[in-house]
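Listed in order, the protein sequences are those of chains S and C. Everything in the first sequence is counted per the numbering used here, starting at 1 for the first residue and increasing by one. Everything in the second sequence is counted per the numbering used here, starting at 447 for the first residue and increasing by one. Written out below as structure tokens is the structure these notes cover.
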Amino acid sequence: MSDTDPRTDLPEGARPKEQLKTDPTKPAQRMGAGTMTITLLPWIIASIAMMVLPMIFTNNSALTIMNQMSITIIFALAYNMLLGQGGMLSFGHAVYAGVGGFFCMHLMNMSDFFAMLPLPVLPLFGGLFGMGLALIVGAFSTRSAGTVFAMISLGVGELIAASSVIVVAFFGGEEGISGDRTYAQPFFGVEFLQQQEVYYLTAAWVIISAALMYAWSRTPVGRMANAVRDNPERAEFLGYSARWVRYYSFVASGFFAGVSGGLFAINYEILTEENLNAASSGIILLVTFLGGVGFFFGPIIGAVVFTLVQTVLSLETELWAFYAGSLFVATVMFFPGGLAGLIMMHVPAFKLGKAKLLVMPYLKTLLPAALGILGLCALVEMTFHYRHGATGDNEMTLFWTTFDSHTLLPWIIAGAVALIGIAIARKTAPDLKDAWNEANTAGGGS
Amino acid sequence: MDLILVNLIDGLVTGLLLFMLSAGLTLIFSMMGVLNFAHASFYMLGAYFGYQISIALGFWMGLLVAPLIVGVMGAAVERYGLRRVHQYGHVPELIFTFGLALLIEELVQFIWGKNQMPYDVPDILNFTAFAISGNSIPAYKIFMIFISVGIFIGLLYILTKTRVGMIIQAALSYPRTVEALGHNVPLIFMGVFGVGTALAGVAGVIAGPVLGTFPGMAFVLGSIVFVTIVIGGLGSLWGALVASLLIGWITTFAKSYNIEMENILNAIGIATPENMDENLFRDFWSLTSPQIADILPYILMVLILIFRPAGLFGKRTQ
Chain S
1 MSDTDPRTDL
11 PEGARPKEQL
21 KTDPTKPAQR
31 MGAGTMTITL
41 LPWIIASIAM
51 MVLPMIFTNN
61 SALTIMNQMS
71 ITIIFALAYN
81 MLLGQGGMLS
91 FGHAVYAGVG
101 GFFCMHLMNM
111 SDFFAMLPLP
121 VLPLFGGLFG
131 MGLALIVGAF
141 STRSAGTVFA
151 MISLGVGELI
161 AASSVIVVAF
171 FGGEEGISGD
181 RTYAQPFFGV
191 EFLQQQEVYY
201 LTAAWVIISA
211 ALMYAWSRTP
221 VGRMANAVRD
231 NPERAEFLGY
241 SARWVRYYSF
251 VASGFFAGVS
261 GGLFAINYEI
271 LTEENLNAAS
281 SGIILLVTFL
291 GGVGFFFGPI
301 IGAVVFTLVQ
311 TVLSLETELW
321 AFYAGSLFVA
331 TVMFFPGGLA
341 GLIMMHVPAF
351 KLGKAKLLVM
361 PYLKTLLPAA
371 LGILGLCALV
381 EMTFHYRHGA
391 TGDNEMTLFW
401 TTFDSHTLLP
411 WIIAGAVALI
421 GIAIARKTAP
431 DLKDAWNEAN
441 TAGGGS
Chain C
447 MDLILVNLID
457 GLVTGLLLFM
467 LSAGLTLIFS
477 MMGVLNFAHA
487 SFYMLGAYFG
497 YQISIALGFW
507 MGLLVAPLIV
517 GVMGAAVERY
527 GLRRVHQYGH
537 VPELIFTFGL
547 ALLIEELVQF
557 IWGKNQMPYD
567 VPDILNFTAF
577 AISGNSIPAY
587 KIFMIFISVG
597 IFIGLLYILT
607 KTRVGMIIQA
617 ALSYPRTVEA
627 LGHNVPLIFM
637 GVFGVGTALA
647 GVAGVIAGPV
657 LGTFPGMAFV
667 LGSIVFVTIV
677 IGGLGSLWGA
687 LVASLLIGWI
697 TTFAKSYNIE
707 MENILNAIGI
717 ATPENMDENL
727 FRDFWSLTSP
737 QIADILPYIL
747 MVLILIFRPA
757 GLFGKRTQ
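And the structure:
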């Protein structure tokens, strides 16, 4: 299934098609994604969608989820500048977002200065401080990629997270520091009292940062980061210093991480040790990898999906972290391209106009598989309730049905659904594979 | 003087415990070139299995059986997980072990809940071995020291003196050649992974009663173990031993002697600022060594990575 190479920007199947379109007389066009309108189209759609969304979901909790999503999107994109584009695995990236956020919080509390500062500018300061920290740390951590970089990032991350409890003057100790965004200078009369106003501020920053990060990935520095990721030795032979290329990516990534930290400060008005610690760094790795590191839009999908899973699923079940962890491990094992990789796998089939061949086999395989997985989840939930439920509390509600988890019948039903679903999926899987091969073969066929 | 002796023993216990984890980890690293983030999770599994078995069959059976189960699980992870991810490269491998660590923690919470387990020192070892000027040393600590030293000597003997050890060492450095000589290298890798995780399991079984058996125990020790093998030099068994003891003693001594930053700064000739409340560095001035004991290993690691990236005993030069 996984015929995408995580190291290239395109699935393998897309290559020949892409090259057919290239005009051999203009080699420079090979990288181009088409004309200006095509490159701009996703951005325009995204901007309109972000403007319209709060009109559809008007309640505050939805706005909060969307704000959280936006902050995670910026952070995940910044993280992917390292992981996906630069090939540097960081286990302490939350530190740059956190420190940027803490600085923004201190700026908020400097009432004289803050009263002259329009709130929308604040994340810029967060970014600058995140960048400042990255300038210092990057000076010694980007000397090599791979394990050494990962270990230094872990060490520095732990160091700063641990000092957050010790250096109370700056990090506020255990309870963190809080501020009030409304003391800022009104921005064209907007004082950011309403959640919706904050949403638009965040949304604007998401579009700007994402556009800037995309532009960065198209600059020579960004392209060189890819080259250094894939083959540092060869990049050195071409006359580029692998270390400096990594350093530039690292610093830029620190900047955008700081921006996300500043937005966090504006949105929640409180920062604690939690924003810096290893768990946050781990989550952003999870988000980015789930979305797919091989494509620019991968982390965006990851951030949206993960935030939804986190907020919606955690309302439904205590075990959401368990499911998220399983999903993560399954992604690493079977789809190293992430969700974005999965989506992009289908591009060749669409280009060949054979995507409709896939619809029925997909339904035949994925629907039973989904049912089977839900059955497994039900078993897991029932086991959890059976073991950890309060004594005497045998009632549990699952999939809108309430039943007694200590009787045999629900177990039989859930087990049967799981077994049958997965059995059907296994049986139809070969058909899906045939259909997949057929859909990805040019010409011939029906 | 007496206090120094007590601290030396305490530090030795911590250091040897760290060593049992880092020995397996460093072997696995030299084999696959990948840091196993889930290593401390196997240590946690060891503690939980040890507890569960000790309820039914007693502590000693737990010490015997739990590491075996953990080792088999580790081997299975290598065979069905890591080997599959290996084709994608090193970074996905590292991420896979990271995800596995998350998953194991969730799994442990799922099965045993979030509370600490009542896993206690067995009665037969629950007495004071000897006392040093009023500071009693429990027999269990002596037992821990003996177990870890025994394991170290056993490991060293197997690796350097037996035929199996020779083949393993050869497979670590020249897997292709060893394979060409007719040895089943993937099986050797699986075995080393299994033994490494089993060692972590032993550490879990004997550390569970003293350090507490709770879902966060992997996280507490996990990153320190990486720090240890990075300081010691990735892939070096002796380095792992030296670094473990170093970290054990540094943290123990920093915790038991209250050295204040103010005194140090005064001693090197920097006067204490008069108005402390206004000073930006007031937290820096009031630092004490017990406060920073837990982050000292990280400081040490960052310094080592900057000035000697190969670690104390590392051979690989980057």
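We put the CB at the ideal spot given by N, CA and C, even for glycine.
I want to verify the contact list: residues of chain S whose CB lies under 8 angstroms from the CB of Q737(C), in sequence order. By one-based count along the second sequence, residue 737(C) stands at place 291. Chain order gives the chain S residues near Q737(C) as I166, where near means a beta carbon separation below 8 angstroms.
Whose Cβ in chain S lies nearer than 9 angstroms to the Cβ of F417(C)? Residue 417(C) is absent from the model: chain C starts at 447 and stops at 764.
Please confirm if the stretch 560-577 of chain C is in contact with the stretch 515-531 of chain C, defined as three or more CB-CB distances below 8 angstroms between the two stretches. With the rule of 3 Cβ pairs closer than 8 angstroms, the stretch 560-577 of chain C does not count as touching the stretch 515-531 of chain C.
By the three-class DSSP mapping on this structure, what secondary structure does V190(S) have? Looking up residue 190(S) in the first sequence gives position 190. Taken through DSSP and simplified to helix, strand or coil, V190(S) comes out as strand.
Neighbourhood of G176(S) by C-beta, 7 angstroms cutoff - its chain only, sequence neighbours within 5 removed: The residue given as residue 176(S) occupies position 176 in the first sequence. Result list for G176(S): I270, L271, T272 and E273, in chain order.
Along chain S, which residues have their Cβ under 8 angstroms away from the Cβ of P755(C)? For the purposes of this step, residue 755(C) is taken as the residue at position 309 of the second sequence. Residues of chain S passing the Cβ test: R143, S144 and V148.
If you reduce the DSSP assignment to three classes, tell me which class I714(C) lands in. Along the second sequence, read from residue 1 onward, the residue named residue 714(C) stands at position 268. When DSSP states are grouped into helix, strand and coil, I714(C) belongs to the coil group.
Close beta carbons around P736(C), own chain, < 7 angstroms, minus the five adjacent residues each side: Sequence index remark: in the second sequence, residue 736(C) carries index 290 (1-based). Once the five neighbours on either side are set aside, the close Cβ partners of P736(C) are A700, K701 and N704.
Checking contacts by CB at 8 angstroms: is L315(S) closer than that to chain C? The sequence position of residue 315(S) within the first sequence is 315, counting from 1. Under the Cβ distance rule, L315(S) does not count among the residues neighbouring chain C, no pair being separated by less than 8 angstroms.
Given a cut-off of 8 angstroms on the beta-carbon distance, is the pair F598(C) and F465(C) in contact? As a first step, residue 598(C) is located in the second sequence; it is residue number 152 there, counting from the start. As a first step, residue 465(C) is located in the second sequence; it is residue number 19 there, counting from the start. The answer is yes: Cβ separation under 8 angstroms.
Is K587(C) near V459(C), with beta carbons less than 8 angstroms apart? To locate residue 587(C), count along the second sequence from 1; it is residue 141. To locate residue 459(C), count along the second sequence from 1; it is residue 13. Contact: yes.
So who's on the other strand from A577(C), going by DSSP bridges? For the purposes of this step, residue 577(C) is identified with residue 131 of the second sequence, where counting begins at 1. Partner(s): S582(C).
What number of angstroms, rounded off, separates the C-alpha of L503(C) from the C-alpha of A493(C)? Here residue 503(C) refers to the residue found at position 57 of the second sequence. Here residue 493(C) refers to the residue found at position 47 of the second sequence. Cα to Cα, the separation comes out at about 15 angstroms.
Identity of the residues DSSP links to M563(C) by a beta bridge: By one-based count along the second sequence, residue 563(C) stands at place 117. BP columns for M563(C) point to T659(C).
So what does DSSP say about R30(S), is it helix, strand or coil? One-based indexing of the first sequence puts residue 30(S) at position 30. Only weak support exists for where R30(S) lies, its pLDDT of 43 falling under 50; the value from the coordinates is given anyway. For R30(S), the three-state secondary structure derived from DSSP is helix.
Hey, V329(S) and F289(S) are a contact pair by Cβ (cut 8 angstroms); roughly how many whole angstroms apart? Position 329 of the first sequence, counting from 1, holds the residue named residue 329(S). Position 289 of the first sequence, counting from 1, holds the residue named residue 289(S). With a Cβ gap of about 11 angstroms, V329(S) and F289(S) do not count as contacting.
How many angstroms separate the CA atom of A686(C) from the CA atom of S153(S)? On the second sequence, position 240 is the one that residue 686(C) refers to. On the first sequence, position 153 is the one that residue 153(S) refers to. Going from the Cα of A686(C) to the Cα of S153(S) covers about 21 angstroms.
How many angstroms separate the CA atom of L711(C) from the CA atom of A321(S)? Here residue 711(C) refers to the residue found at position 265 when the second sequence is read from its first residue. Here residue 321(S) refers to the residue found at position 321 when the first sequence is read from its first residue. CA-to-CA, the gap between L711(C) and A321(S) works out to about 46 angstroms.
Is the CB of S669(C) under 8 angstroms away from at least one CB in chain S? Stepping through the second sequence from its first residue, residue 669(C) is reached at position 223. Yes, S669(C) lies at the interface with chain S (some Cβ there is under 8 angstroms from its Cβ).
Alpha carbon to alpha carbon, how far is S178(S) from I670(C)? Give it in angstroms, no decimals. On the second sequence, residue 670(C) is found 224 positions in, with the first residue counted as 1. On the first sequence, residue 178(S) is found 178 positions in, with the first residue counted as 1. Looking at the two C-alpha atoms, the distance is approximately 31 angstroms.
Using the C-alpha atoms, what's the distance from I604(C) back to G294(S)? In the first sequence, residue 294(S) corresponds to position 294, counting from 1. In the second sequence, residue 604(C) corresponds to position 158, counting from 1. Roughly 44 angstroms between the two C-alpha positions.
Mind checking who S178(S) pairs with in its DSSP beta bridge? Counted from its first residue, the first sequence places residue 178(S) at position 178. Beta bridge pairing from DSSP links S178(S) with I270(S).
Answer yes or no: does any C-beta atom of chain S fall closer than 8 angstroms to that of I570(C)? Indexing the second sequence from 1 puts residue 570(C) at position 124. With 8 angstroms as the cut-off, I570(C) does not count as an interface residue toward chain S.
My output table needs one value for K21(S): the three-state DSSP class, helix, strand or coil. The residue given as residue 21(S) occupies position 21 in the first sequence. Unreliable positioning characterises K21(S) in this predicted model, as indicated by a pLDDT of 44, which lies under 50. A coordinate reading is not provided.
Report buried or exposed for L540(C), applying the criterion of at least 16 other Cβ atoms within 10 angstroms of its Cβ. Residue mapping note: residue 540(C) aligns to position 94 of the second sequence, counting from 1. The residue in question, L540(C), is buried, as its Cβ has 16 or more Cβ neighbours within 10 Å.
Taking all protein chains shown into account, decide if G421(S) is buried (16 or more other Cβ within 10 angstroms of its Cβ) or exposed. Within the first sequence, numbered from 1, the residue matching residue 421(S) stands at position 421. Counting Cβ neighbours within 10 Å, G421(S) comes out buried, since at least 16 surround it.
Mind checking whether F256(S) and L379(S) have CB atoms under 8 angstroms apart? For the purposes of this step, residue 256(S) is taken as residue 256 along the first sequence, with counting starting at 1. For the purposes of this step, residue 379(S) is taken as residue 379 along the first sequence, with counting starting at 1. Against a cut-off of 8 angstroms, the Cβ pair of L379(S) and F256(S) comes out as no contact.
Measuring alpha carbon to alpha carbon, tell me which of V305(S), C104(S), S281(S) and W205(S) ends up nearest F125(S). For the purposes of this step, residue 125(S) is taken as residue 125 along the first sequence, with counting starting at 1. Of the candidates V305(S), C104(S), S281(S) and W205(S), the one whose C-alpha sits nearest the C-alpha of F125(S) is C104(S).
Per DSSP, which residues does Q185(S) bridge with? Please list them. On the first sequence, position 185 is the one that residue 185(S) refers to. Its beta-bridge partners are P118(S).
Examine chain S for any beta-carbon lying closer than 8 angstroms to the beta-carbon of D448(C), and answer yes or no. Position 2 of the second sequence, counting from 1, holds the residue named residue 448(C). Not one chain S Cβ lies under 8 angstroms of D448(C).
Of all Cβ atoms in chain C, is any one closer than 8 angstroms to the Cβ of M105(S)? Numbered from 1 along the first sequence, position 105 holds the residue referred to as residue 105(S). Any Cβ of chain C closer than 8 angstroms to the Cβ of M105(S) would place that residue at the interface, and such an atom is absent.
When you compare the CB of R530(C) with every CB in chain S, is at least one pair closer than 8 angstroms? Translated into positions along the second sequence, residue 530(C) becomes position 84. Among the residues facing chain S, R530(C) is included, as its CB has a counterpart in that chain under 8 angstroms away.
Pick out whichever of S487(C), L627(C) and G642(C) has its Cα sitting closest to the Cα of F660(C). Locating residue 660(C) in the second sequence gives position 214, where the first residue counts as 1. Closest by alpha carbon: S487(C).
Measure the alpha-carbon distance for S111(S) versus F187(S) and round it to whole angstroms. Here the question's residue 111(S) lines up with position 111 in the first sequence. Here the question's residue 187(S) lines up with position 187 in the first sequence. In this structure, the straight-line span from the alpha carbon of S111(S) to that of F187(S) is close to 16 angstroms.
Between A616(C), F639(C) and G640(C), which has its C-alpha nearest H629(C)'s C-alpha? The residue you call residue 629(C) lines up with position 183 of the second sequence. Nearest option by C-alpha distance: A616(C).
Collapsed DSSP secondary structure at E625(C) in the structure displayed: The residue given as residue 625(C) occupies position 179 in the second sequence. Three-state DSSP puts E625(C) in a helix.
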